[in-house]
Amino acid sequence: MSTKKSALWYLHFAITVLIMICFSFIPTVGEITRYGMQAIGILVGVIYGFATVGTMWAALAGIVALGIIGVMGQVVASALGTPMIWGVILIQVIMYALAKEGVTKFFANWIISRKVVKGRPWLYSFFVLLGAFIVAIVSPFPALLIFWDIVYATYDNFKQPHNCRWSQFMILGVTFSAGLGVVSLPMLTSNGITVFANYQAIAGESMNAVKYVIALVPLMLLSVGIYILLCKFVFKPDITPFKAIDVTIADQSALKLGRRQVIVMLAMLVLLLILFAPYLLPAEWGLTTFMSNLGLFGACAVIILALALIKVDGAPLLNIQEAASKNIQWGTVFMVALLMPLGNAISGADSGIMTTLTSVLSPVLQGKSVFIFSLIIIVIGVILTNVSQNLVVIGILMPIVGAMAGAGVNLAAMTVLIALATHYAVLLPSASFVTGIMFSNENVTNGFLYKYGAVICVVCGVFAATVGYLWCNLIF
2 MSTKKSALWY LHFAITVLIM ICFSFIPTVG EITRYGMQAI GILVGVIYGF ATVGTMWAAL
62 AGIVALGIIG VMGQVVASAL GTPMIWGVIL IQVIMYALAK EGVTKFFANW IISRKVVKGR
122 PWLYSFFVLL GAFIVAIVSP FPALLIFWDI VYATYDNFKQ PHNCRWSQFM ILGVTFSAGL
182 GVVSLPMLTS NGITVFANYQ AIAGESMNAV KYVIALVPLM LLSVGIYILL CKFVFKPDIT
242 PFKAIDVTIA DQSALKLGRR QVIVMLAMLV LLLILFAPYL LPAEWGLTTF MSNLGLFGAC
302 AVIILALALI KVDGAPLLNI QEAASKNIQW GTVFMVALLM PLGNAISGAD SGIMTTLTSV
362 LSPVLQGKSV FIFSLIIIVI GVILTNVSQN LVVIGILMPI VGAMAGAGVN LAAMTVLIAL
422 ATHYAVLLPS ASFVTGIMFS NENVTNGFLY KYGAVICVVC GVFAATVGYL WCNLIF
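Here it is as structure tokens:
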């Protein structure tokens with residue numbers, strides 16, 4: 002880091018901390034208490050810090066600030082001492098095994114090697130985006146790299162320029178799809194886990210994971226389909242050179258699975274069964290109780306121990322120390338850890354924030370239908386997520402929805418809609434980690450991304466507020 006950049010980083014960090022401190026001296030508003038003002042200051046400071054100094058540093062500063070205005074031991078326990086946060090850590094250890102053993106590459110290449118895509122460039126394009134969506138469940142960064150490389154190989158194969166219109170739309174589409182994949186499965190993705198944590202903190206009970214997947218995943222896949230339809234019928238890039246497309250683009254060597262890959266895939270399947278079984282099996286069964294008691298942490302610990310103990314070709318399937326040192330994204334861990342106590346501070350009765358929000362929103366929403374309320378929340382979610390990190394926006398919106406749950410708002414349905422809306426994040430570099438990387442891609446211009454990113458956000462926002470609203474309320 003250059004001296005100039007280093008000095009700027011320290012300046013931004015100082016501003017982050019200063020924001021957290023200054024709110025203690027601002028006069029209270031409505032029924033918001035002094036403690037509530039301090040909590041708001043921490044939230045604003047964290048949002049600024051996420052955009053300027055990085056996730057981990059801003060989250061750490063926020064946890065320390067919460068400890069100062071409360072009880073440090075309780076804050077640390079609720080932030081870093083919960084089974085959920087350790088589940089976030091352990092799931093990243095397991096995901097390392099999938100990536101290292103080539104399981105991720107297998108899925109990526111299997112999807113685009115289907116014979117049905119031959120001579121159908123837009124269907125091929127959809128399969129590429131679908132692959133990015135699936136791989137992002139493991140990790141969004143490899144999803145970008147793998148499927149951008151597939152896009153590059155495609156236009157190189159047909160001798161097209163790197164910045165041709167199709168490739169630009171595919172770079173944007175891969176990023177859009179990967180951004181959706183990170184929240185699709187509640188027990189395997191850190192974003193999904195965070196959504197569940199917010200819901201549990203407000204509702205006092207866990208959300209049904211099976212219903213969450215049934216409600217959210219089809220909406221996300223339809224969103225990817227909408228993007229392809231927009232490209233084909235509205236944006237209309239020239240795809241004439243790609244009409245001869247076939248399965249030769251796939252890496253055939255990646256499609257060959259050895260014993261190690263098969264066992265790792267089976268271990269992942271067992272993990273999924275353990276996590277979802279409590280929602281599918283009869284509650285009175287002993288097996289259901291056992292799996293429910295394991296939870297995310299226990300299930301991950303069992304799989305990690307199995308992978309570490311099983312040796313194939315003289316080597317264990319998972320080196321825990323190696324995986325922990327290379328694959329744990331501590332910024333994500335601390336962000337998830339911060340949102341739990343911060344959400345409690347904002348929504349708690351001691352802060353007075355929810356009471357004030359309710360008194361402000363009630364006249365605005367008086368006589369309005371639940372649909373209008375949902376529409377407002379979705380619009381706010383789509384706008385804010387392109388300015389700040391989606392997990393922060395979720396942490397802001399969930400307590401507001403929780404405060405209105407007594408007025409007929411379906412909390413579970415709105416949670417899914419918020420998860421969907423806050424991951425339509427492709428308009429600005431600040432929207433998410435993967436979007437920031439996209440803006441650094443030399444094959445696509447910022448003007449292109451602003452123009453078409455805005456269209457995607459508007460169209461998909463309308464989709465979430467209409468079809469999404471009806472679907473989620475049907476499921477829940």
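Going by this note's numbering, the first residue of the sequence shown is number 2, and it counts up by one from there.
From the three backbone atoms N, C-alpha and C, an ideal C-beta is built for every residue, glycine too.
Three or more Cβ pairs closer than 8 Å define a contact, and the stretch 412-429 meets that threshold against the stretch 460-469.
In the three-state DSSP reduction, Val117 falls in the helix class (H, G or I). Note on geometry: alpha-carbon atoms of Ala255 and Lys452 lie some 36 Å from one another. Glu323 and Met96 have their alpha carbons spaced roughly 12 Å apart. Considering only Ile16, Met38 and Trp10, the residue with the shortest C-alpha distance to Asp351 is Met38. The beta carbons of Val136 and Ala154 sit no closer together than 8 Å.
A straight-line Cα-Cα distance of about 23 Å links Ile381 and Gly174. Under the criterion of beta carbons closer than 8 Å, Ala268 and Leu308 qualify as touching, at roughly 6 Å.
Ranked by Cα distance from Ala302, the options Gln253, Leu181 and Pro84 are led by Pro84. The straight-line gap separating the alpha-carbon atoms of Val388 and Gly315 is approximately 49 Å.
For Cys473, the uninterrupted alpha helix (DSSP H) segment begins and ends at Tyr470 to Ile476. Annotated three-state conformation of Val445 is coil, per DSSP.
Beta-bridge annotation (DSSP): Val313 is paired with Ala316.
In the assembly as shown, Tyr425 is a buried residue. Its beta-carbon has 16 or more other beta-carbons within 10 Å.
Rounded to whole angstroms, the separation of the alpha carbons of Lys116 and Met336 is 42 Å. Taking Trp149 as the centre and dropping the five residues before and after it, the same chain places the C-beta of Ile172 and Val175 closer than 7 Å to its C-beta, in chain order. Taking the Cβ atoms as the reference, Leu288 lies roughly 17 Å from Ala210, outside the contact range of under 8 Å. Around the beta carbon of Leu12, fewer than 16 other beta carbons sit within 10 angstroms, so the residue counts as exposed. For Tyr213, the enclosing alpha helix (DSSP H) stretches over residues Ala210 to Leu231.
Excluding its 5 nearest sequence neighbours in each direction, Phe127 has C-beta neighbours in its own chain below 6 Å: Ile229, listed in chain order.
Boundaries of the alpha helix (DSSP H) around Pro84: Pro84 to Lys101. Nearest to Asn328 by C-alpha distance, out of Pro28, Tyr280 and Ile90, is Ile90. If you draw a straight line from the Cα of Lys244 to the Cα of Ser114, it is about 16 Å long. In the three-state scheme derived from DSSP, where H, G and I count as helix and E and B as strand, Val54 is classed as coil. Excluding residues up to 5 positions away in sequence, Leu67, Gly68 and Pro342 lie with their Cβ nearer than 6 Å to the Cβ of Val76 in the same chain.
Glu323 sits in a helix when the DSSP states are folded into three classes. In this structure, Leu340 places its C-beta atom within 8 Å of the C-beta atom of Gly396. As the crow flies, the alpha-carbon of Ile438 is around 15 Å from that of Gly448. Comparing alpha-carbon positions, the option among Met188, Gly193 and Lys237 lying closest to Arg166 turns out to be Lys237.
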